[in-house]
Amino acid sequence: MAEQGTDRLHSGPLHHRLRPAPGHLHELQARNRANQQDSQWRRLYATRSGVEGTICEFINGHRARRSRYHGHRKTYVQHVLTGIAINVERLASRTTRHPHRPRHPTTFQQYLDTRGMTWECWWRQGK
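For the sequence shown, the tail end lands on 129 under our numbering, and the numbers increase by one without skipping.
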């Protein structure tokens with residue numbers, strides 16, 4: 003038995019061995035990595051990344067995986083109204099008329115702060 007961490011390419015069971023990708027896959031990966039350095043590709047990917055973030059917010063933040071209603075029409079209306087609510091939230095966060103003032107930390111939160119412990123209450127930190 004070979005020592006652990008010495009030569010992973012040739013030790014261990016056959017299905018655990020690390021192997022380089024076949025030639026055509028390696029060439030495809032190299033071509034894709036070269037394309038990713040292009041400014042046009044980065045601009046398109048930034049757009050895609052923004053859209054995926056919006057979809058993720060819709061799915062995870064507003065429980066869009068399951069509809070409260072039965073039927074396509076009612077589900078469609080729910081999704082449209084949720085989308086409007088998301089846009090209103092975003093527009094409201096851009097305004098500077100009434101900036102959000104975070105609440106003062108509670109006594110327990112001050113206790114945790116003095117001891118260098120974290121507290122996960124993002125809604126009280128104003129984030």
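The C-beta atom is built at its ideal place from N, Cα and C for all residues, glycine as well.
Inter-residue CB distance, T84 and A66 (contact presumed, cutoff 8 angstroms): Your numbering for residue 84 matches position 82 in the sequence shown. Your numbering for residue 66 matches position 64 in the sequence shown. Here T84 really is in contact with A66; their C-beta atoms are around 6 angstroms apart, less than 8 angstroms.
Beta-carbon gap between P107 and D115 smaller than 8 angstroms: By 1-based counting over the sequence shown, the position of residue 107 is 105. By 1-based counting over the sequence shown, the position of residue 115 is 113. Yes, they are a contact pair.
Straight-line Cα distance separating L93 from N62: The residue given as residue 62 occupies position 60 in the sequence shown. The residue given as residue 93 occupies position 91 in the sequence shown. Roughly 20 angstroms separates the two Cα atoms.
For D40, three-class secondary structure by DSSP: As a position in the sequence shown, residue 40 is number 38, starting the count at 1. Collapsing the DSSP output to three states places D40 in coil.
Alpha-carbon to alpha-carbon, Q31 and T77: For the purposes of this step, residue 77 is identified with residue 75 of the sequence shown, where counting begins at 1. For the purposes of this step, residue 31 is identified with residue 29 of the sequence shown, where counting begins at 1. Going from the Cα of T77 to the Cα of Q31 covers about 41 angstroms.
7 angstroms CB neighbourhood of N37 in its chain, flanking five on each side removed: Counting from 1 along the sequence shown, the entry for residue 37 is found at position 35. Counting only Cβ-Cβ distances below 7 angstroms, and skipping sequence neighbours, we find W43.
Neighbourhood of Q80 by C-beta, 7 angstroms cutoff - its chain only, sequence neighbours within 5 removed: Along the sequence shown, one-based indexing puts residue 80 at 78. Here the set comprises S69, R70, Y71.
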